[in-house]
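Take a look at the structure set out below.
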Amino acid sequence: MDFTFTKEQELLREIIRKFTDKEVKPRAAEADRNHRLDPELIKMGADLGLFGILYPPELGGSGMGFTGLCIMLEELSRGCASFPLMLATHQGIGVMGIYLTGTPEQKEKYMTPCVEGQKIAACAITEPDAGSDIASMKTRAVLNGDHYIINGTKRFITNGGIADVIVVFAIVDSTPDNPGGMTAFIVEKDFPGFNVGKIEEKMGIRASSTAELFFEDMVVPVENVLGQVGKGFKLARQILEAGGRVTLGAMCLGAAKELVDLSIAYAKERKQFGRPIQDFQGIQWMLTDMAVSAYTMESIVYRTAWALDQGLPTTMDAAICKLYCSEGIDLVVDKAMQIFAGSGYMTDYPIERFYRDARINRIYEGTSEIQRMIIASTLVKKGVF
């Protein structure tokens, strides 16, 4: 395998790194304090084409594939967790379902505006009683002539408070003419019966909009069924495997690299006992452990992205990527905090923000426990690799 980045990919990295240094990093602390992203930053991201890096030009995107998307998210995550999370959710799971199973009409109406940055997308699966166990979903959709009536509640929906287009999963009751089962629907924020509820206050990723969504006799046209009725569980798995888990790994990787760089710079500057703390073996070993973790994360992320770009099966790859990177970033940020010591605990440095932002990674897009179940199940069925 040749993991050498192309000239186009290297240019993308350079552009996004400069954008991160100039526009994302200076806004990160304020976004965290205000619990919202700067609308100007979102607009600049749209103008730069960040909303459609993954998708082909004929749909309004840049055609950079998963490798390009991971490069973008990695570099943005060196500055802020919430902004790349918004973009990763938008492209990775918000638009992905439409891309995988949408009709030409659905793609033209919904996907192209999202890819061009005119609209923001989200994906609504999680419910108060259906987290890891999505089969316990209670949101119901009932066919009524030329439309469905949807009732239910979704919880912890990333981009939920700012999304224009939401892919909503609900259970369709079986009838003699309809097999029923979990089904995906494309929902617009202005549909009658759609309401945004509580915007969650969170420990980390504070500038990311995480919301409750309520559907009260929400009317959805039958042409907004995404894919086949009753095939929603398979689509949800495809979305998470293709778009959710590798993008999360890329964001963990970017944060890890930034923390390594910040820790090295601080260890050179900070002196104790008349010497820079970089001279002490204890500090050197912490930096080593951090670098090894980041190095491994990088290898896993881009191997998985490459496999996705080749159209190869990635069930286990994506699960390994999500599991290792989400746990690896916790190791890195904890050692960074130890190196910065008391200073790292204060808001003068970004370490405490990285620390708070990191913890969610082992929970959303499938918990670490779920990833272990997926990996074990694949191993049992297919053997070792």
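Position one of the sequence shown corresponds to residue 64 (this note's numbering), numbered consecutively onward.
Think of the CB as a built atom: it goes at the ideal place given N, C-alpha and C, for glycine as much as any other residue.
Checklist line | Pairwise C-alpha distance: residue 170 and residue 122 | finding: 8 Å
*Mapping DSSP to helix, strand and coil, what is residue 114?*
Helix, per DSSP.
Inside the region 236–322 only - alpha helix (DSSP H) runs reaching at least 4 residues: 295–302
query = Are the CB atoms of residue 117 and residue 131 nearer to each other than 9 Å?
reply = Yes, the Cβ-Cβ distance between residue 117 and residue 131 is below 9 Å.
Q) Do residue 400 and residue 387 come within 9 Å of each other at the CB atom, strictly closer than that value? A) no
Practice task
Identify whether residue 424 lies in helix, strand or coil by the three-state DSSP scheme.
Solution key: helix
Item to check | DSSP-derived helix/strand/coil call for residue 418 | outcome: helix
Exercise for the section: Determine which residues share a DSSP beta bridge with residue 204 and list them. Expected result: 213 and 235
Tell me, please, whether the region 290–308 touches the region 215–227 by the rule of three or more beta-carbon pairs shorter than 8 Å.
-> no
#### Entry: Residue environment, residue 198, which counts as buried when at least 16 other CB atoms sit within 10 Å
exposed
On the three-pair Cβ rule with 8 Å, is the region 155–169 touching the region 87–94?
no
Let me check one thing: in DSSP terms, what residues is residue 190 bridge-paired to? 193
Does the region 273–292 come within contact of the region 333–343, defined as at least 3 CB pairs closer than 8 Å? no
query = residue 231 to residue 405, Cα distance in whole Å?
reply = Answer to the nearest angstrom: the Cα atoms are 44 Å apart.
Requested in this report: Can you grab the Cα-Cα spacing for the pair residue 277 / residue 217, in whole Å?
Outcome: 7 Å
(Q) If you reduce the DSSP assignment to three classes, tell me which class residue 335 lands in. (A) strand
6 Å CB neighbourhood of residue 99 in its chain, flanking five on each side removed: 270
Chain-order list of residues whose beta-carbon lies under 6 Å from that of residue 302 (same chain, five-residue window excluded):
156, 159 and 160
Is DSSP giving residue 66 helix, strand or coil here?
coil
message: Which residues does DSSP list as the beta-bridge partners of residue 228?
response: 184 and 251
Rounded to the nearest angstrom, how far is the Cβ of residue 325 from that of residue 357, given a contact under 8 Å? Actually they do not touch by this definition, with Cβ atoms about 12 Å apart.
message: If contact is defined by three or more beta carbon pairs under 8 Å, each pair taking one atom from either stretch, is the region 426–445 in contact with the region 185–197?
response: Short answer: they touch.
| Rounded separation between residue 141 and residue 69 - CA only | 22 Å
Is it buried or exposed for residue 411, if we count other Cβ within 10 angstroms and need 16 for buried?
Burial is judged here by how many other beta carbons sit within 10 angstroms of a residue's own beta carbon; residue 411 has fewer than 16 and is exposed.
Check: Expressed to the nearest angstrom, what Euclidean distance is found between the alpha-carbon atoms of residue 288 and residue 120?
Finding: 25 Å
Buried or exposed (CB count within 10 angstroms, at least 16 for buried), residue 175: Buried is the call here.
Reference residue 365; option with closest CA among 414, 291 and 129: 129
task = Work out the CA separation of residue 361 and residue 244 for me, nearest whole Å.
result = 39 Å
- Query: Grouping DSSP H, G and I as helix and E and B as strand, with all else coil, what is residue 129?
  - Reply: helix
Can you have a look at residue 379 and say buried or exposed, based on whether 16 or more other CB atoms are within 10 angstroms of its CB?
buried
Checklist line | Where residue 211 falls, given that 16 or more other Cβ within 10 Å makes a residue buried | finding: buried
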